[in-house]
Amino acid sequence: MSIQRIYNVISEKDYKEHSQKARKIVEKAHSIIRKPRELNERKMFWVYRVLGKDAELKIPKKHINDFQFLIMHILKKPKENRFNDLRSYYKLKEETIENLKFLLFPDKFPPGGYNEKLKKYGVEFYNPQVILKRLNFKDFIDLYALITYIPLDVKTPFVQDLIDEILSIDPIDTKISLYTKIKEIFKSLGPYEKQMVELQLKNISYYHYRLMSKGSTKGVIIDGSNVVRYNDQDSILRLVDLLDNLYIENITFFPAIIVFDRNIEYVLKSEEDKNILKKLSEKKRIYFESPADELIVHLSNRLGYYMISQDKFNEYQFDKDKLLELRRFMDE
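Here you go:
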């Protein structure tokens, strides 16, 4: 491979789509980390997507306030010793700190380990600024997209088929036995193939990345009508978004059951929302019941599943630790 090979790769349609997704992720994470006072556990998931697994494993073990303080310290005066303070505090790898510099200042610092990752193209640069010039890159986010891309000629049909299988997992429709089978196949992969799959999933669906990378999952019951009515929006789009974000700090949720009140169709205002509801109703784990609260709590008690709702269910007996507020699944 050579510089010409990189030119060929970045002209591919698949690469252009990948580059757009990668830029969206980095820019989102950048905007979040540049406002450290507003950081919370939920927003940190965007940061981990760029910093990598090393950060995802180590940073949550400390209080979020510690990370906020250290980042504010760096932003005030981005000296090398302040990055070293953060590295020492969390015992992070050098590559993770390089990724942090990149995420905070993508116009100044390249992503961590870029030279090693460029070797798959048969090239090596000693000055990162040369890369921007030679490849006509806008900034180091373009370089990040390049090193996280899996070229078409190294993707095996097996790996691509497995990625498709993973992305087809639907929390409200896929059988538990099928999910278990897919995860066992993923766990049996070698380190390189596993890394290829994880890179693709991080760019496409962080929920599916967590389904594969986390050790265990928990079942959850969603108070569908409560989510639809959140902030008096009366829209099913919030629920659709929730199904793509069924994870919190230490738990990824699968399978999911949605329980609606029987009158939910009359709550929805637009035809589009009603059509989405109709499609959802064809899934395996969708229930319509009035009162919905009674069935939600009953299923949680019987199955040991968590619940997502803004309701407190005060009139029912259940494990209070199993009730999760909807806001814990929202980025804003």
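If you're matching positions, the sequence shown starts at 38 in the numbering used here and goes up one per residue.
Glycine included, every Cβ here is placed at the ideal spot set by N, Cα and C.
Treat the numbers as computed from the prediction; the structure is a model and nothing was measured.
>> Relative to the C-alpha of R119, which candidate in L107, K128, K212 has its C-alpha closest?
In response: Comparing Cα-Cα distances from R119 to each of L107, K128, K212, the minimum goes to L107.
>> Ignoring anything shorter than 4 residues, give me the alpha helix (DSSP H) runs that lie fully in the segment 97-137, in order along the chain.
In response: Counting only runs of 4 or more, we get 101-113, 117-127.
> With distances taken between CB atoms, is the gap from I219 to L199 smaller than 9 Å?
Replying inline: yes
> Quick one, which of Y181, L172, D210 has its alpha-carbon nearest P143's?
Replying inline: Y181
>> Rounded to the nearest angstrom, what separates I111 and H67 at their Cα positions?
In response: 14 Å
> Unbroken beta strand (DSSP E) runs of length 3 or more, entirely within the segment 235-275: which are they?
Replying inline: 254-260
>> Going residue by residue through the segment 141-225, where are the continuous alpha helix (DSSP H) segments of at least 4 residues, counting only ones entirely within it?
In response: 151-155, 165-171, 177-184, 194-204, 213-224
> Would V277 be called buried (16 or more neighbouring beta carbons within 10 Å of its own) or exposed?
Replying inline: If you draw a 10 Å sphere on the C-beta of V277, you find fewer than 16 other C-beta atoms in it, and that means exposed.
> Which residues mark the beginning and the end of the alpha helix (DSSP H) in which Y85 is found?
Replying inline: 78-88
> What residues are listed by DSSP as bridge partners for A293?
Replying inline: V257
>> Looking at the strands, I want to know which residues DSSP matches up with F325.
In response: F297
>> Assuming contact is defined by CB atoms lying nearer than 9 Å, are I47 and L183 in contact in what I supplied?
In response: Yes, Cβ-Cβ distance for I47 and L183 is below 9 Å.
>> Tell me the rounded alpha-carbon separation between F290 and K138.
In response: 32 Å
> Between which two residues does the beta strand (DSSP E) harbouring Y343 extend?
Replying inline: 343-345
>> Looking at the secondary structure, which residues open and close the alpha helix (DSSP H) in which L317 lies?
In response: 308-317
> Thinking C-beta only, is S272 closer than 9 Å to D310?
Replying inline: yes
> Secondary structure at Y353, three-state DSSP: helix, strand or coil?
Replying inline: coil
> Alpha carbon to alpha carbon, how far is S327 from I259?
Replying inline: 15 Å
>> I'd like to check one pair, I295 with Y324: are the Cβ atoms closer than 9 Å?
In response: yes
>> From the DSSP secondary-structure annotation, give me the bridge partner or partners of Y284.
In response: Beta-bridge annotation (DSSP): Y284 is paired with T289.
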